[in-house]
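Mapping of the sequence shown onto my numbering: residues 5 to 188, in sequence order. Where a beta carbon is used, it is the ideal one built from N, C-alpha and C, also for glycine. As the structure is a prediction and not an experimental result, all values here were calculated from the model. What follows is one structure encoded as structure tokens, with my remarks underneath.
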Amino acid sequence: MSIVKKTSKFLSYILRHHPETIGLHLDSEGWADVDELLQKAAEQGRDIDRALLLDAVANNDKKRFALSEDGRKIRAQQGHSTGQVAIDYPPQEPPEVLYHGTADRFWPSIREQGLLAKSRHHVHLSGDFDTAVKVGQRHGKVMVLKVLAQKMYQDGHRFYLSGNHVWLADHVPPQYIVVEDGSE
Numbered sequence: 005m006s007i008v009k010k011t012s013k014f015l016s017y018i019l020r021h022h023p024e025t026i027g028l029h030l031d032s033e034g035w036a037d038v039d040e041l042l043q044k045a046a047e048q049g050r051d052i053d054r055a056l057l058l059d060a061v062a063n064n065d066k067k068r069f070a071l072s073e074d075g076r077k078i079r080a081q082q083g084h085s086t087g088q089v090a091i092d093y094p095p096q097e098p099p100e101v102l103y104h105g106t107a108d109r110f111w112p113s114i115r116e117q118g119l120l121a122k123s124r125h126h127v128h129l130s131g132d133f134d135t136a137v138k139v140g141q142r143h144g145k146v147m148v149l150k151v152l153a154q155k156m157y158q159d160g161h162r163f164y165l166s167g168n169h170v171w172l173a174d175h176v177p178p179q180y181i182v183v184e185d186g187s188e
């Protein structure tokens with residue numbers, strides 16, 4: 005695994021889930037001071053300099069990270085499981101359908117309860133089938149679910165769009181979920 009990919013995985017772990025493992029503080033919007041992050045990483049034996057961090061941010065295939073305009077702060081775009089972070093994305097009107105990739109073993113629970121955020125702040129949805137397949141592959145035998153997003157929205161549910169174009173919802177009730185076979 006390349007040093008850039010290792011750095012990206014480290015950043016995901018720290019900025020999305022466990023900043024406390026290196027003693028890093030995130031503000032309520034998930035921002036961390038870049039210099040503090042680099043210092044704390046070095047104290048843990050991580051050899052990450054500013055150039056490597058910038059490379060990991062710029063070349064992350066999912067664009068998981070954002071830098072502030074002045075480059076002094078960094079955060080994960082979404083996917084936080086740490087309770088102290090709740091990025092305030094404005095509500096957005098979604099397209100007609102969105103997709104969610106998962107493993108087929110989760111279908112009985114999803115059919116009963118819908119899609120739940122669980123340890124994260126939101127359910128993550130994609131605007132295209134292929135991305136949902138890639139996400140679902142991480143969890144086992146892939147099942148892609150089509151979410152009737154526009155219908156949900158019309159019924160009063162809110163959607164948000166993260167900075168890296170991942171659609172977010174608080175919960176997707178089961179009546180808005182259709183098993184997608186990819187034939188569209």
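How would you label residue i, buried or exposed, when you count the other beta carbons within 10 angstroms and need 16 or more for buried?
i      : result
Arg68  : buried
Lys44  : buried
Glu188 : Low confidence applies to Glu188: its pLDDT is 45, below 50, so where it sits in the model is not reliable, and the reading given next is rough at best. It is exposed - the Cβ of Glu188 has fewer than 16 other Cβ atoms within 10 Å.
Ser123 : exposed
Ile181 : buried
Gln82  : buried
Val170 : buried
Glu184 : buried
Gly34  : buried
Met5   : exposed
Arg54  : exposed
Ser12  : buried
Ser72  : exposed
Ala153 : buried
Ala1   : An answer regarding residue 1 cannot be provided, because it is not within the stretch 5 to 188 covered by the chain.
Ser32  : exposed
Going by DSSP, what residues sit across from residue i in a beta bridge?
i      : result
Gly105 : Val148
Leu15  : DSSP output for Leu15 lists no bridge partner at all.
Val137 : DSSP lists no partner for Val137.
Ile78  : Ala36, Leu71
His175 : Leu120
Pro95  : Tyr164
Is the beta carbon of residue i less than 8 Å from the beta carbon of residue j?
i      : j      : result
Ala62  : Gly105 : no
His128 : Asp174 : no
Asp59  : Val8   : yes
Leu41  : Leu28  : yes
Gly75  : Pro99  : no
Tyr164 : Pro95  : yes
Asn168 : Lys77  : no
Phe133 : Tyr103 : yes
Val38  : Leu19  : no
From the options, pick the residue whose C-alpha is nearest to that of residue i; which is it?
i      : options                       : result
Glu116 : Asp51, Ile52, Pro177          : Pro177
Ile114 : Gln158, Gly27, Lys150         : Lys150
Asp51  : Gln141, Lys10, Lys66          : Lys10
Gly144 : Lys155, Asp108, Phe133        : Asp108
Leu120 : Arg20, Ser12, Leu172, Asp37   : Leu172
Ala36  : Gln48, Ala46, Pro23           : Pro23
His21  : Ala80, Glu47, Lys66           : Ala80
Trp111 : Met147, Arg142, Glu47, Tyr157 : Met147
Val101 : Val38, Lys155, Gln179, Ile26  : Lys155
Arg162 : Gln179, Glu97, Arg142, Leu19  : Glu97
Ala46  : Gly160, Thr25, Gln141         : Thr25
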